[in-house]
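Down below is the structure, laid out as structure tokens.
Numbering (the working numbering), first residue to last: 27 to 327.
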């Protein structure tokens, strides 16, 4: 019996696999069988395959520089195939279950290059002089980058959370953890101007939220997202254009300028240092670029 064809039928009719998935399964199983025959010199059916030859195939895929994601998909095919054989009692084991999956490289967090960021702030600062709403929007941009806080944290800021004398803002983060984040001097000046205009704008209306919409109601999460997306669409090449990109940018720029990893962890409100370490990879890439451009042995010539 051709167990590969039986497996494909099972996936098609019982699991309702898509034509694309079926083609991928067939390709993977044909490739590993060819490897067993041509490289390992084993001519038994695939259903009789053992762990060493399957592992050797996976190693060959990694040596041919296939991506971890592609190799992991092929390993999943093997595991599904031999699991199917076990379910039909054709095998008592699953030799693919011992194969370790390679770790997929995590993409670096998107961030805005400093020259582009400066240009955005120059445009925003000019617009901020035109109206209360424009000043509010510009300050949203300034605080997200100037403090690295999350969108939800900015949304929950109250007027009493800002201490212009101490130059910090009180933030309620995840798991109701409170932290104090320093406010850059320039942002402090902008905040003072905004708070003065906010008082005149609201007149006698009592609103606890720091940021208010044109009708005096607190701003919404979707408003912040739409505004930041509209700003970041001016930056070419960004894979994402959300408020979180400014948080990534804040952390990366701090590390690039020599801030300690533990300090950045506290500023971001991370509970684990591992969550902060992702930003060090971008800083290391920057150092590599400097090395390649400047070191005589970098191989640039």
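C-beta atoms are modelled at their ideal positions from N, C-alpha and C, and glycine is treated no differently.
Residue i burial status per 10 Å Cβ neighbour count (16 or more: buried)
i           : result
residue 225 : exposed
residue 174 : buried
residue 274 : buried
residue 78  : exposed
residue 88  : exposed
residue 156 : exposed
residue 327 : Confidence in residue 327 is poor, its pLDDT being 48 and thus under 50, which makes the residue's placement too unreliable to answer from.
residue 290 : buried
residue 85  : exposed
residue 140 : exposed
residue 302 : buried
residue 62  : buried
residue 103 : buried
residue 106 : buried
residue 179 : buried
residue 118 : exposed
residue 190 : exposed
residue 80  : buried
residue 146 : buried
residue 197 : buried
residue 44  : exposed
residue 204 : exposed
residue 114 : exposed
residue 167 : buried
Distance CB(residue i)-CB(residue j) smaller than 8 Å
i           : j           : result
residue 116 : residue 66  : no
residue 194 : residue 181 : no
residue 138 : residue 261 : yes
residue 98  : residue 130 : yes
residue 185 : residue 236 : yes
residue 199 : residue 295 : yes
residue 177 : residue 245 : no
residue 164 : residue 153 : yes
residue 258 : residue 252 : no
residue 254 : residue 265 : no
residue 213 : residue 161 : no
residue 271 : residue 136 : yes
residue 121 : residue 75  : yes
residue 101 : residue 68  : no
residue 82  : residue 128 : no
Those residues which DSSP pairs with residue i across a bridge
i           : result
residue 184 : 235
residue 208 : 194
residue 74  : DSSP, once it has assigned bridges, lists no residue as partnering residue 74.
residue 189 : 194
Neighbourhood of residue i by C-beta distance below 7 Å, restricted to the same chain and skipping five residues each side
i           : result
residue 48  : 34, 37 and 38
residue 30  : 55 and 72
residue 240 : 159
residue 293 : 174 and 207
residue 109 : 120
residue 111 : 29, 73 and 117
Sequence-distant residues of its chain with Cβ nearer than 6 Å to residue i (five each side left out)
i           : result
residue 299 : 291
residue 305 : 277, 278 and 281
residue 42  : none
residue 183 : 236
Nonlocal neighbours in the same chain, by C-beta distance under 8 Å from residue i, ignoring five residues either side
i           : result
residue 211 : 193
residue 219 : 161
residue 247 : 177, 178 and 181
Would you list, in sequence order, the uninterrupted alpha helix (DSSP H) runs of no fewer than 4 residues that lie entirely inside the region 229-293?
You should have 247-258 and 269-282.
Every unbroken alpha helix (DSSP H) inside the region 35-102 [4 residues or more]:
45-64 and 77-89
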